[in-house]
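**Student:**
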Amino acid sequence: MGGTFDPIHFGHLVTAEAARHEFSLEKVIFVPSGLPPHKKGYQVTPAEHRYRMTVLATRNNPYFAVSRVEIDRPGYSYAIDTVLEFRKCYGKEVELYFITGADAILEILTWKDVNLLLQECQFIAATRPGFHLERLQEALPGLPVEGRHRIHFIEVPALAISSTDIRKRVKEGRPIKYLLPDDVEEYIRCHDLYLEG
Ligand code: ATP
Ligand code: MG
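Under the numbering used here, think of the first position of the sequence shown as 18, with each following residue one higher.
#1: Terminal residues of the continuous beta strand (DSSP E) containing GLY118?
#2: I'd like to know if the segment 66-86 and the segment 129-144 are in contact, where contact means that at least 3 CB-CB pairs between them fall below 8 Å.
#3: If you count every other CB in all the chains shown that lies within 10 Å of the CB of HIS29, and 16 or more means buried, which is it?
#4: Just checking THR21 against the ligand MG - is the residue's beta carbon closer than 8 Å to any of the ligand's heavy atoms?
#5: Quick check on GLY58: buried or exposed, where buried means 16 or more other Cβ atoms within 10 Å of its Cβ?
#6: I'd like to confirm something about ASP216: is its beta-carbon nearer than 8 Å to some heavy atom of the ligand MG, or not?
#7: Three-state secondary structure (DSSP) at GLN139?
#8: Would you kindly check if the distance between the Cβ of LEU196 and the Cβ of PHE27 is under 9 Å?
#9: Inspect the beta-carbon positions of GLU102 and GLY51 and report whether they are closer than 9 Å.
#10: Restricting to runs no shorter than 3 residues, where is the beta strand (DSSP E) found entirely within the segment 27-52?
#11: Hey, is LEU176 close to the ligand ATP, as in C-beta under 8 Å from one of its heavy atoms?
#12: Please report how far the alpha carbon of LEU210 lies from the alpha carbon of GLU163, in whole angstroms.
#13: Below 8 Å CB to CB, which residues in the same chain sit around PHE40 once its five sequence neighbours on both sides are set aside?
#14: Check whether the Cβ atoms of TYR24 and THR62 sit closer than 9 Å, and answer yes or no.
#15: Looking at the ligand ATP, does it come within less than 8 Å of MET70, judged from the CB to the closest heavy atom?
#16: Buried or exposed: where does LEU135 fall if 16 or more other Cβ atoms within 10 Å of its Cβ makes it buried?
#17: Is any heavy atom of the ligand ATP found at a distance shorter than 8 Å from the C-beta of HIS29?
#18: Assuming ALA177 is part of the beta strand (DSSP E), what are its boundary residues?
#19: According to DSSP, is LEU197 part of a helix, a strand, or is it coil?
#20: One question on the structure: do ARG85 and ASP98 come within less than 9 Å of each other, judged by their Cβ atoms?
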């Protein structure tokens with residue numbers, strides 16, 4: 018499961034656990050992204066903070082792990098590079114699944130090497146509130162039939178949680194408790210994250 022994880026929250030964790038259960042996954046590896054050159058007009062928090070928050074959030078689930086592959090690689094990563102890296106690491110017998118929110122999958126389908134990506138891994142897309150599945154249905158016909166069958170959907174409980182909202186809450190002094198793990202909240206406070214921007 019890739020993401021900016023700025024910060025990681027219960028939406029990510031619930032989705033990962035649901036995917037693990039429904040697809041009987043051996044493990045779920047969270048892959049915090051490297052520092053993007055720009056993202057939605059805000060300054061993304063340094064990778065080391067996002068990595069450490071992801072470790073804190075996942076450490077009590079024995080099936081969860083965190084990878085440094087994207088943050089240790091110079092420059093911004095393409096999904097295909099990361100998937101090929103995991104392929105090299107785990108061998109060709111292993112089935113890889115790319116877990117994402119259904120909103121993000123629309124973007125992914127426009128990425129370079131999408132056909133190669135669909136050969137190397139299947140997709141698990143979690144529907145999230147406010148996302149219209151029809152938009153996705155419209156995008157799918159552009160894909161080869163074999164590829165379409167490798168995109169699966171799961172429904173997660175209505176979690177309107179987003180990192181954007183959490184950052185805004187911190188800045189405005191509103192509570193973030195119950196939106197993310199306590200350890201992550203404490204980390205945010207200790208490091209004065211999200212107070213500006
Ligand atoms: P931001 O608000 O900064 O975009 P985000 O909450 O969307 O942050 P990301 O790190 O961008 O978090 O998301 C990583 C992945 O998790 C993406 O595939 C995204 O679609 C998915 N995701 C994010 N929030 C949720 C949620 N509440 N439920 C299910 N999936 C989610
Ligand atoms: Mg997002």
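Note that the Cβ used here is the ideal one computed from N, Cα and C, for glycine as well. All values derive from a computational prediction rather than experimental measurement.
**Tutor:** To lay it out plainly:
#1: Going by DSSP, GLY118 is part of the beta strand (DSSP E) stretching over 114-118.
#2: They do not touch, by the three-pair rule.
#3: So HIS29 ends up on the buried side.
#4: THR21 has its CB nearer than 8 Å to a heavy atom of the ligand MG.
#5: Exposure of GLY58 is indicated by the presence of fewer than 16 other C-beta atoms within 10 angstroms of its C-beta.
#6: Nothing about residue 216 can be reported from this structure: the residues present for the chain run from 18 to 214 only.
#7: Of the three classes helix, strand and coil, the one that applies to GLN139 here is strand, per DSSP.
#8: Their beta carbons are under 9 Å apart, which means PHE27 touches LEU196 by this criterion.
#9: Contact: no.
#10: Those beta strand (DSSP E) runs which fall completely within the segment 27-52 and span 3+ residues are 45-49.
#11: LEU176 Cβ: within cutoff of the ligand ATP.
#12: Near 44 Å, if we compare the C-alpha coordinates of GLU163 and LEU210.
#13: These residues qualify, in order along the chain: TYR114, ILE141, HIS169.
#14: It should be pointed out that residue 24 corresponds to Pro in this sequence rather than to Tyr. Closer than 9 Å, so yes.
#15: No, since every heavy atom of the ligand ATP falls outside the 8 Å radius drawn around the Cβ of MET70.
#16: Residue environment analysis places LEU135 among the buried positions, since at least 16 neighbouring C-beta atoms fall within 10 angstroms of its C-beta.
#17: Of the heavy atoms belonging to the ligand ATP, at least one sits nearer than 8 Å to the Cβ of HIS29.
#18: ALA177 -> no beta strand (DSSP E), and no H or E assigned at all.
#19: Collapsing the DSSP output to three states places LEU197 in a strand.
#20: It is not a contact, given that the beta carbons lie outside the stated cut-off.
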